[in-house]
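Numbering follows our numbering, in which position 195 of the sequence shown is assigned residue number 405; successive positions increment by one, without gaps.
The C-beta atom is built at its ideal place from N, Cα and C for all residues, glycine as well.
Since the structure is predicted, the reported quantities are computational estimates derived from the model, not experimental observations.
Structure first, commentary second.
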Amino acid sequence: MTTWIKETDHAFYLMEGNFYLEKIVKESRPEGTGEPGEKVITLATLQRWLTDSDFEKPGAMVIAVGIGASEPDPMPVDPSPVIEIIKKPTSVEVGEAFTIKAKTSKSLVGKSTDLYVEVNGKFYLQTKNPAHKPVVAADGTFKFSFRFSSPGTRKIKITLEDLSHTFEIVVRAVFSITNLPSKVIAGEAFIISGIASSKDNGRPVQLFINNKLQSSTAKVQADGSWKFRFGLFSIGKRALKVALGDQSLERPIQVVLRSLFEENFKVPEEQLRSSNYVSTTSSILKNIIFTGGFMEPRGHSWKPTSYAIFSDNSASIKTLSPSQRNYGIDYVVTTSGDPIHNWYPGRVTKVGAEGSYGNRCHVDFFIFFELSGKFYQIKGAYAHAKSFSVRKGDYVKQGQYIGVMGGTGGNYTYPPHVDFRLWINYGSKTVDLSPNVVEKQLRQQENR
């Protein structure tokens, strides 16, 4: 409240409302000095009223001399001091600075105050540093400056001596995710986007996968938006977190692969002849005909003792006797243009002529086969192609066009087909994998 000065026949008063805070009594001058009836006051107190920051400076002066004006009463002492909140927001944004202003009895001038915030049902002191504890000013007011780092309805308690006052402020989550798919395809880019306060313009947003910081960062734009373009190669369930300063948001995300074949379809694991070729349509491989069953024992070049895992016992390596065996499978693409499409996401490790395999492309796939409690990276190769459109070092997505089917084979020419092989290096052994056991494990791994 504004203060003012009042002069009466008896004194000068520093007034607030209809009551005085302090007074300067007019004293009679010593006998024999000055004119009869003259009064004197000490100027130091009056000067303090006009300059001391403990007081709100007087805005006016009323002169009530020689009119018989009554003397004002002193400001009443509050018999039961309380804390009165005179300014506070009802809601704020996360990270937004705000002020709480309160008032109490002037009898508590100079006393320090504290602010507590409730977390999980318990109040925690925020004003631990004595230098940061507000004190009650001469007019009975005091104030706090504060900000929150997380959203929610937050309970605040202010204490002063044995007084306390508790109230709530809603903290709005300005930092938020607006776009994040719950399920993404391994090896394919997806968008994570959100908004922050425009006050955060230029600040970096960090990305974590399973609490591991990623090299990708995004910056908050002038309109508060931010965006990542990202990709995940390892299938399964992940925890994705984005962080802006001390604010963070976490969401689950599942990384999957597209199924190569319709449910219950099985790649042949027996000897095939023209009479029992198997045709199918795949969303990844397009229209194909299987002309060579997995590890079929006849009709191919001589192979030494081999090792493979079949779908009848996916936990066991089967030893296969030397024979004119096929490594992997053979299939013919009947889609126009004879395109070869990549089975799984990975990285090309070798492309070129390879003896009787003709033009062959090797890929280290970003998928793993679990055997005896350990995981082994699955490798693959496509052979006999007319040509390949990829080269060593290229990253390839599932279903990506990588070449044209052909019949190349060094000194031999074969009917156009794709010779495709999947395997793991198990110690010193090369172990071929049936596509059926790989597909089965991938579906299981996606849900881990």
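message = Three Cβ pairs or more, each shorter than 8 Å: is that satisfied between the stretch 385-398 and the stretch 439-456?
response = Two segments are said to touch when three or more pairs of C-beta atoms, one from each, lie closer than 8 Å; by this definition the stretch 385-398 touches the stretch 439-456.
query = Residue range of the alpha helix (DSSP H) that Asn646 falls in?
reply = Taken as a continuous stretch (DSSP letters only), the alpha helix (DSSP H) holding Asn646 covers 645-655.
ask   = Under 8 Å between the Cβ atoms of His551 and Lys560?
value = With contacts defined as CB atoms closer than 8 Å, His551 and Lys560 fail to qualify as a contacting pair.
message = I need the straight-line Cα distance from Asn657 to Gln464, nearest angstrom please.
response = The straight-line gap from Cα to Cα measures roughly 8 Å.
message = Tell me the residue span of the alpha helix (DSSP H) that contains Thr388.
response = Unbroken run through Thr388 is the beta strand (DSSP E), 386-389; no alpha helix (DSSP H).
message = For the alpha helix (DSSP H) containing Trp259, name the first residue and the last one.
response = DSSP places Trp259 inside the alpha helix (DSSP H), whose first and last residues are 253-261.
Rounded separation between Pro514 and Leu454 - CA only = Straight-line measurement puts the Cα of Leu454 at about 59 Å from the Cα of Pro514.
request  = Could you check what DSSP says for Met453 in three-state terms: helix, strand or coil?
outcome  = The residue asked about is misnamed: residue 453 is Ala in this sequence, not Met. The three-state reading of DSSP puts Ala453 in strand, counting E and B together.
ask   = Among all the DSSP beta bridges, which residues are the ones paired with Arg357?
value = Arg357 is not bridged to any residue.
query = From Ala348, Gly568, Val641, pick the residue whose C-alpha is nearest to that of Gly617; which is it?
reply = Ranking the options by Cα distance to Gly617, first place goes to Gly568.
query = When burial is assigned at 16 or more other CB atoms within 10 Å of the CB, is Leu652 buried or exposed?
reply = Leu652 is buried by the Cβ-count criterion.
Continuous beta strand (DSSP E) stretch holding Leu370: start and end = Going by DSSP, Leu370 is part of the beta strand (DSSP E) stretching over 362-370.
ask   = Start and end of the beta strand (DSSP E) containing Asp574?
value = Unbroken beta strand (DSSP E) run through Asp574: 569-581.
key: Straight-line Cα distance separating Ala563 from Phe486   = It should be noted that the sequence gives Asn, not Phe, for residue 486. Cα to Cα, Asn486 sits roughly 31 Å from Ala563.
inquiry  = Below 8 Å, how does it come out for the stretch 295-309 and the stretch 332-349: are there three or more Cβ pairs, yes or no?
reply    = Pairwise C-beta distances place the stretch 295-309 out of contact with the stretch 332-349, as fewer than three of them are shorter than 8 Å.
query = In whole angstroms, what is the alpha-carbon distance linking Gly362 and Glu306?
reply = So the two alpha carbons sit approximately 14 Å from each other.
query = Does DSSP put Asp283 in a helix, in a strand, or in coil?
reply = DSSP, reduced to helix, strand and coil, places Asp283 within a strand of the structure shown.
key: Classification of Lys409 by the beta-carbon crowding that lies within 10 angstroms, buried from 16 upward   = Exposed, by the Cβ-count rule.
task = Mind reading off the beta-carbon distance from Tyr537 to Asp642? Whole number of angstroms is fine, and I expect it under 8 Å.
result = Contact annotation, Tyr537 with Asp642: C-beta distance approximately 6 Å; criterion of less than 8 Å satisfied.
request  = Would you check if the distance between the CB atom of Asn497 and the CB atom of Thr427 is smaller than 8 Å?
outcome  = For Asn497 and Thr427, no; Cβs fall outside 8 Å.
Sequence ranges, beta strand (DSSP E) only - wholly within the stretch 600-644, length at least 3 = Qualifying beta strand (DSSP E) stretches, in chain order: 611-614, 616-619, 622-636, 639-643.
Option in Ser407, Asp629, Leu581 with minimal Cα separation from Ala595 = Selection Ser407, Asp629, Leu581 evaluated against Ala595 yields Asp629 as nearest (Cα-Cα).
message = Please state whether the Cβ-Cβ distance between Val600 and Val606 is less than 8 Å.
response = Their beta carbons are under 8 Å apart, which means Val600 touches Val606 by this criterion.
query = If we call anything under 8 Å between Cβ atoms a contact, is Gly502 one with Asp540?
reply = Judged by beta-carbon spacing, Asp540 lies within the 8 Å limit of Gly502, meaning their Cβ atoms are closer than that value.
ask   = Which residues bound the beta strand (DSSP E) around Leu495?
value = Premise fails: Leu495 is in no beta strand (DSSP E) and is neither H nor E.
query = Can you check whether the CB of Lys437 is closer than 8 Å to the CB of Ile401?
reply = It is a contact, given that the beta carbons lie within the stated cut-off.
request  = Identify the continuous beta strand (DSSP E) that holds Arg557 and give its terminal residues.
outcome  = Taken as a continuous stretch (DSSP letters only), the beta strand (DSSP E) holding Arg557 covers 556-563.
query = Just reading off the beta strand (DSSP E) that Leu231 is part of, what are its end residues?
reply = Looking at the DSSP string, the run of the beta strand (DSSP E) that includes Leu231 is 229-235.
query = Any contact of the stretch 244-260 with the stretch 215-228, i.e. 3+ C-beta pairs under 8 Å?
reply = Result yes; three or more Cβ-Cβ pairs closer than 8 Å.
message = Please state whether the Cβ-Cβ distance between Ile387 and Gly404 is less than 8 Å.
response = Closer than 8 Å, so yes.
ask   = Ala591 bridges to which residues according to DSSP?
value = For Ala591, which the question treats as bridged, DSSP gives the partners His572, Arg631.
task = Could you check the C-alpha separation between Thr529 and Phe520 for me, to the nearest Å?
result = If you take the alpha carbons of Thr529 and Phe520, they lie about 11 Å apart.
message = Just verifying my parser: in three-state terms, what is the DSSP assignment at Lys297?
response = Correct three-state label for Lys297: strand.
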